[in-house]
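Protein chains in written order, with numbering that gives the first Met the number 0: chain A, 0 to 117; chain B, 0 to 289; chain C, 0 to 132.
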Amino acid sequence: MRIPILKLHNYLLISIQIDLDDQSAIQFQEDLLNKIYKSGATGVVIDLTSVDIIDSFIAKVLGDVVTMSDLMGAKVVLTGIQPAVAMTLIELGIHMQDVQTALDLEQGLIKLRQELEG
Amino acid sequence: MPKRVDRIVLDNSDVIIKNWLKIVSENRQNDYTSSISDELFQSTNREFVNVIFDSLASGGGLTKELESFSERLVNLGWPLSYLTDGLQTFRRVTIDFVLSQHDQIDTDFFSVILDRVDTWVDPIINKLVNEYSGSWEHTVSLQRVALQELSAPLIPVMRNITIMPLIGTIDTERAKQIMENLLTGVIKHNAEVVLIDITGVPVVDTMVAHHIIQAAEAVRLIGAKCILVGIRPEIAQTIVNLGIDLGKFPTKSSLRKGFETALELTGRTIQREKKQETIVEDIMNQLTEG
Amino acid sequence: MELKPCVNIRQEWDIVGARQLGREKAKELGFGTVDQARIATAISELARNIYLYAGIGKVYFEMVDHLGKKGLKIVAVDEGPGIRDLSQVMQDGYSTSGGLGAGLPGVKRLMDTFEINSEWGEGTEISAVKWVR
Chain A
0 MRIPILKLHN
10 YLLISIQIDL
20 DDQSAIQFQE
30 DLLNKIYKSG
40 ATGVVIDLTS
50 VDIIDSFIAK
60 VLGDVVTMSD
70 LMGAKVVLTG
80 IQPAVAMTLI
90 ELGIHMQDVQ
100 TALDLEQGLI
110 KLRQELEG
Chain B
0 MPKRVDRIVL
10 DNSDVIIKNW
20 LKIVSENRQN
30 DYTSSISDEL
40 FQSTNREFVN
50 VIFDSLASGG
60 GLTKELESFS
70 ERLVNLGWPL
80 SYLTDGLQTF
90 RRVTIDFVLS
100 QHDQIDTDFF
110 SVILDRVDTW
120 VDPIINKLVN
130 EYSGSWEHTV
140 SLQRVALQEL
150 SAPLIPVMRN
160 ITIMPLIGTI
170 DTERAKQIME
180 NLLTGVIKHN
190 AEVVLIDITG
200 VPVVDTMVAH
210 HIIQAAEAVR
220 LIGAKCILVG
230 IRPEIAQTIV
240 NLGIDLGKFP
250 TKSSLRKGFE
260 TALELTGRTI
270 QREKKQETIV
280 EDIMNQLTEG
Chain C
0 MELKPCVNIR
10 QEWDIVGARQ
20 LGREKAKELG
30 FGTVDQARIA
40 TAISELARNI
50 YLYAGIGKVY
60 FEMVDHLGKK
70 GLKIVAVDEG
80 PGIRDLSQVM
90 QDGYSTSGGL
100 GAGLPGVKRL
110 MDTFEINSEW
120 GEGTEISAVK
130 WVR
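Below, the structure is given as structure tokens:
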């Protein structure tokens, strides 16, 4: 199952709406990096509103994708992490220290814009 | 033979009651009922012993009267030991009295007496203890619910800014509850900044600090900012002495300062419409002109 | 004996299957959404460990009842290589597979009880319980 990546000006928008298995997560990582390379996007919003579980593996893939995108010159913001997911991650001991977050897609875009222009 | 014991006791109820009242009043000296007036204490004693004898007359065990009497005392907040001590005294007084009626007693009769008196007193004590502990358990469970309700309110004070005042001791169970309320509240109110006010938390040890840090990190994950406010001097001291690192998120000594930071973070500033000094100046000018 | 719901872990997709079944069971038992996420995540970690280190194993679920308290027990069993040093795997940040090393200590924090039995060369059995609040 492939996750669609939408382009809007120089932003890429992704809404993850499936229960991520390991293979799809890695596929997504690859697809996103390729898309950044091809489109030259400078900002990425990954919306996790409909994701109801993130385990240590998915967290690692997401953390990696943020670092990798950064290397390629694209800032990533994760949005819409559910309270239950956030609590579970913290209890697992995963803090995602270097990852930018925002409440929703709108706030995420505002944050990206501030970062890229300010 | 048991009937004989019954008859002796019932026929001599006056003497037994007199002895019982005397002992109970004597015991009162060093006692939990000292806040109760003498009058009330005496009348309650009389009522108590009457219900006991009513119960005996009707063949022992628990009667409606005894039940409503104990229920009333529970509600009035009389200590359980008043009732149990009273019944133990009754046991002793009654046995002493029955024994004193006989010059010679064989062991069989002695055990009959003990047995008979026990079958009066024990079921009553058991029932009373159950009643009391039931009422305590009820109170405790009510209080637990009450505690949960006051656990952690989240107050939206302005668009995108909410405040969570924490009050009282924080244990692991409560910390989880607080975190849940905090996170769902942030989503519900669409808060960009949350102020956690710990003015009302008496002690901040490593465990409490750990829970607060976890909550702040979870808030960051869902996309909002957390400011810890209400850090009193002694709390700042313990935090540093315990080696707790709160460096990752902003802290402020008072809610007011924290709120100012929150305004800054959401792109707002406070402006007074007219400075007080200029108002005073205006008045002075008016006066001199007039 | 009551048949326990069970998921065999043979391929990566079974990890998703296991946590979905676990979440369903947790919901049936009356766990709140946060606890459901905790349980599902714990199952995901345990199932992934089986897939990564033992290759084949199973995860099963059990409704437990202790003094009127209801709970869900997760048991993950495999006949893989076992764990050489138990204290090491319970350390935060320890990983032999390049992961985050949050797996087992994380599961312990997510659940209420946690028990691990492992014999080097004989396989591993991990059981953990979450009580309904």
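By construction, the Cβ of each residue, glycine as well, lies at the ideal position given by its N, Cα and C atoms.
Predicted model, so just to flag it, every value in this text is computed and none were measured.
List, in chain order, every chain A residue whose beta-carbon is nearer than 9 Å to that of residue i.
i: L71(C); result: Under the 9 Å cutoff, chain A gives no residues; its nearest Cβ is about 16 Å from L71(C).
i: L109(C); result: T87, E90, L91
i: Q213(B); result: M86, I89, E90
i: D91(C); result: G92
i: N189(B); result: L102, D103, Q106
Please list, in chain order, the chain B residues whose beta carbon lies closer than 9 Å to that of residue i.
i: T100(A); result: R219, L220, I221, G222, A223
i: L115(A); result: Neighbours of L115(A) on chain B: none; closest Cβ ~17 Å, over 9 Å.
Could you tell me whether the Cβ atoms of residue i and residue j are closer together than 7 Å?
i: L227(B); j: I195(B); result: yes
i: L12(A); j: L5(A); result: yes
i: V43(A); j: V84(A); result: no
i: A41(C); j: V58(C); result: no
i: N159(B); j: T265(B); result: yes
i: A39(C); j: G67(C); result: no
i: I73(C); j: A127(C); result: yes
i: A151(B); j: M163(B); result: yes
i: G81(C); j: E114(C); result: no
i: H210(B); j: A235(B); result: no
i: I197(B); j: G167(B); result: no
i: D30(A); j: T78(A); result: no
i: G222(B); j: L102(A); result: yes
i: R90(B); j: V116(B); result: yes
i: Q16(A); j: S49(A); result: yes
i: G56(C); j: I8(C); result: yes
i: V92(B); j: W19(B); result: yes
i: E44(C); j: V106(C); result: yes
i: Q100(B); j: I7(B); result: yes
i: A73(A); j: T41(A); result: yes
i: P104(C); j: D84(C); result: no
i: R73(B); j: S36(B); result: First, the residue type needs correcting, since residue 73(B) is Val and not Arg in the sequence shown. No, the Cβ-Cβ distance between V73(B) and S36(B) is not below 7 Å.
i: Q28(A); j: V60(A); result: yes
What residues of chain A sit near residue i, judged by a beta carbon separation below 7 Å?
i: P104(C); result: G92
i: E216(B); result: I89, H94
i: R18(C); result: I52
i: W12(C); result: D20
i: V15(C); result: D18, D20
i: I154(B); result: Here the premise fails: no neighbours, minimum Cβ distance about 18 Å.
i: I195(B); result: Chain A residues near I195(B): none, gap ~15 Å exceeds 7 Å.
Who are the neighbours of residue i on chain C, taking C-beta pairs under 8 Å?
i: M95(A); result: The contacting residues do not exist; M95(A) stays about 10 Å from chain C at best.
Can you list the residues of chain C that residue i reaches, using a CB-CB cut of under 9 Å?
i: A83(A); result: G31, T32, V33, D34, Q35, A36, R37
Quick one: list the residues of chain B neighbouring residue i, beta-carbon separation under 7 Å, in chain order.
i: L88(A); result: L220
Since residue i sits in a beta bridge, which residues does DSSP pair it with?
i: F248(B); result: BP columns for F248(B) are empty, so no partner.
i: A101(A); result: T78(A)
i: W130(C); result: G70(C)
i: S12(B); result: According to DSSP, which records beta bridges pairwise, S12(B) is partnered with nothing at all.
i: Y59(C); result: C5(C), V74(C)
i: D14(A); result: As written in the sequence, residue 14(A) is Ser, which differs from the Asp given in the question. S14(A) is bridged to D46(A).
i: V193(B); result: T161(B), C225(B)
i: L7(A); result: Y10(A)
i: T112(C); result: V128(C)
i: T123(C); result: D77(C), S117(C)
i: I166(B); result: G199(B)
Assuming residue i contacts residue j (C-beta within less than 8 Å), just tell me the rounded distance between them.
i: L91(A); j: R108(C); result: 7 Å
i: I16(B); j: V48(B); result: 5 Å
i: A215(B); j: F248(B); result: 5 Å
i: E64(B); j: D53(B); result: 5 Å
i: S88(A); j: I52(A); result: Looking at the sequence shown, residue 88(A) is not Ser but Leu. About 10 Å separates the two Cβ atoms, so there is no contact after all.
i: V200(B); j: V207(B); result: 7 Å
i: L220(B); j: M95(A); result: 6 Å
i: A46(C); j: A17(C); result: 4 Å
i: S69(B); j: E130(B); result: 6 Å
i: I124(B); j: T83(B); result: 6 Å
i: F56(A); j: D97(A); result: So it is not a contact: roughly 18 Å between Cβ atoms.
i: P155(B); j: A190(B); result: 7 Å
In chain B, what lies closer than 8 Å to residue i by C-beta?
i: I80(A); result: L220, I221, G222
Practice task
Would you list, in chain order, the members of the stretch 38 to 49 of chain C that have their beta-carbon closer than 8 Å to a beta-carbon of chain A?
Solution key: A39, T40, S43, E44, R47
Problem - Interface positions of the stretch 9 to 40 of chain A facing chain B (Cβ-Cβ less than 8 Å), listed along the chain - result: none
Practice task
Check distances from the C-beta atoms of the stretch 157 to 183 of chain B to those of chain A and list, in chain order, the residues that come in under 9 Å.
Solution key: K175, M178, E179, L181, L182, T183
Handout entry: Near-chain C residues of the stretch 51 to 75 of chain A (beta-carbon distance less than 7 Å), N- to C-terminal order
Key = D51, I52, D54, S55, F56, A58, K59
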